[in-house]
Amino acid sequence: MERTIGNLAQEIRLHNASVYANLSQCAVRRCQVNAIKVIIPSIEPTKTNLPQGSQDLGNGYMLLCRRERTPHTVQRCESDAILQYLTAKDIHVPTTPRIIRWARLQLPNGQVARSAWKELAMTRQPRMAQNVKLFIDGTTTIAEVLFYFNMTIHDEDKTFALVSEYGPPHPELLERSFQTVIACTYRGDASLRLIEVSHIQSVVAMIPHQFPSIDGVLFYLVERPGLDIIRMGGIEDNIPDED
Numbered sequence: 011m012e013r014t015i016g017n018l019a020q021e022i023r024l025h026n027a028s029v030y031a032n033l034s035q036c037a038v039r040r041c042q043v044n045a046i047k048v049i050i051p052s053i054e055p056t057k058t059n060l061p062q063g064s065q066d067l068g069n070g071y072m073l074l075c076r077r078e079r080t081p082h083t084v085q086r087c088e089s090d091a092i093l094q095y096l097t098a099k100d101i102h103v104p105t106t107p108r109i110i111r112w113a114r115l116q117l118p119n120g121q122v123a124r125s126a127w128k129e130l131a132m133t134r135q136p137r138m139a140q141n142v143k144l145f146i147d148g149t150t151t152i153a154e155v156l157f158y159f160n161m162t163i164h165d166e167d168k169t170f171a172l173v174s175e176y177g178p179p180h181p182e183l184l185e186r187s188f189q190t191v192i193a194c195t196y197r198g199d200a201s202l203r204l205i206e207v208s209h210i211q212s213v214v215a216m217i218p219h220q221f222p223s224i225d226g227v228l229f230y231l232v233e234r235p236g237l238d239i240i241r242m243g244g245i246e247d248n249i250p251d252e253d
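Number 93 in the working numbering belongs to position 83 of the sequence shown; there are no gaps in the numbering.
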């Protein structure tokens with residue numbers, strides 16, 4: 011909202027009694043343009059300039075730097091999650107493949123999902139944007155992304171995210187809040203899972219909080235308000251070449 015007000019203020023060209031009429035016309039024109047873009051999506055020119063070092067995955071997904079220069083092995087718990095996925099796909103390997111980790115993923119809605127691999131290693135205040143909403147087999151869950159990487163499955167290149175899924179919402183809080191407070195336990199390495207990045211729907215925040223009469227710290231879900239409107243207007247997260 012603040013960005014929209016600022017943009018409209020920049021479009022004002024008059025400094026007399028009709029300044030508010032001019033502002034009203036700018037707002038109407040902005041709404042008309044957005045409506046046309048929704049009705050005819052092809053009217054919007056396609057962006058062709060990709061950030062330096064990025065990898066376009068198609069369907070609005072894009073891997074962003076930073077990334078490792080050479081393949082590395084992963085921790086034992088991470089290796090077990092990857093091997094479990096490969097076994098389910100009837101792919102049997104003696105050891106986990108060495109992988110090149112990526113730090114960030116741009117989503118079709120313009121958000122940039124980050125990863126614990128780089129966020130937790132930052133000396134300055136991390137952005138804490140490694141929590142995402144997943145939609146898998148008709149079920150919505152929340153997870154923390156550890157890192158992203160590419161792997162070939164049955165001669166097909168795929169991009170994966172290794173995630174740690176949060177526990178189910180606390181039933182008492184969910185009922186008492188009329189299904190509005192979604193508070194979960196953080197399970198860390200105990201709930202690692204390998205997923206394809208196409209299952210990631212949006213970036214969310216998981217805020218730690220000690221609820222009264224509830225044992226232990228829970229993490230409650232906060233989603234970005236107005237995300238659909240932002241996507242309609244073509245506003246995306248700022249993507250520097252490197253963090």
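Glycine is no exception: its CB is placed at the ideal position from the N, C-alpha and C atoms.
Coil, strand or helix - residue i by DSSP
| i | result |
| --- | --- |
| ASP225 | coil |
| PRO107 | coil |
| LEU237 | Per-residue confidence for LEU237 stands at a pLDDT of 48, beneath the threshold of 50, marking its modelled position as unreliable; the derived number appears in the next sentence. Residue state, collapsed to three classes: helix. |
| ASN141 | strand |
| ALA37 | helix |
| THR97 | helix |
| ALA131 | coil |
| ASP147 | coil |
| ARG76 | strand |
| VAL122 | strand |
| VAL84 | coil |
| GLN42 | helix |
| GLY16 | helix |
Residue i burial status per 10 Å Cβ neighbour count (16 or more: buried)
| i | result |
| --- | --- |
| GLU54 | exposed |
| GLN35 | exposed |
| LYS128 | buried |
| PRO69 | The displayed chain sequence assigns Asn, not Pro, to residue 69. Result: exposed. |
| ILE50 | exposed |
| ILE224 | exposed |
| GLU154 | buried |
| GLN140 | buried |
| THR190 | exposed |
| ASP238 | Model confidence at ASP238 stands at a pLDDT of 47, short of 50, so the residue's coordinates are unreliable and nothing is read from them. |
| LEU60 | exposed |
| ILE245 | Reliability of the predicted coordinates at ILE245 is poor, the pLDDT of 47 falling under 50, and no value is obtained from them. |
| ILE163 | exposed |
| LEU130 | exposed |
| THR151 | buried |
| GLY236 | Bear in mind that the predicted position of GLY236 carries a pLDDT of just 49, short of 50, making it unreliable; the figure below should be weighed with that in mind. By the neighbour-count rule (16 or more Cβ atoms within 10 Å), GLY236 is not buried but exposed. |
Assumed close pair residue i, residue j - CB separation to whole angstroms, cut-off 8 Å
| i | j | result |
| --- | --- | --- |
| TYR71 | LEU115 | 7 Å |
| ILE110 | GLU78 | 5 Å |
| LEU144 | LEU156 | Not quite, the Cβ-Cβ distance comes to about 14 Å (not below 8 Å), so this is no contact. |
| ILE192 | LEU184 | 7 Å |
Check whether residue i and residue j have beta carbons under 8 Å apart
| i | j | result |
| --- | --- | --- |
| CYS194 | PRO178 | yes |
| ALA126 | LEU204 | no |
| VAL214 | VAL142 | yes |
| LEU231 | THR169 | no |
| SER174 | ASP199 | yes |
| ARG76 | ALA113 | yes |
| PRO229 | PRO222 | Per the sequence presented here, residue 229 reads as Phe, with Pro not at that position. For PHE229 and PRO222, no; Cβs fall outside 8 Å. |
| LEU281 | SER212 | Residue 281 falls outside the range modelled here, since the chain spans only 11 to 253, and no answer is possible. |
| VAL84 | THR106 | yes |
| HIS82 | ARG108 | yes |
Short CB-CB distance (under 8 Å) between residue i and chain C
| i | result |
| --- | --- |
| LEU74 | Looking at the structure shown, chain C is missing, and only one protein chain is on hand. |
| Complete runs of the alpha helix (DSSP H) confined to the stretch 152-218 [at least 4 residues] | Within the stretch 152-218, the alpha helix (DSSP H) runs of at least 4 residues that lie entirely inside it are, in chain order, 181-186.
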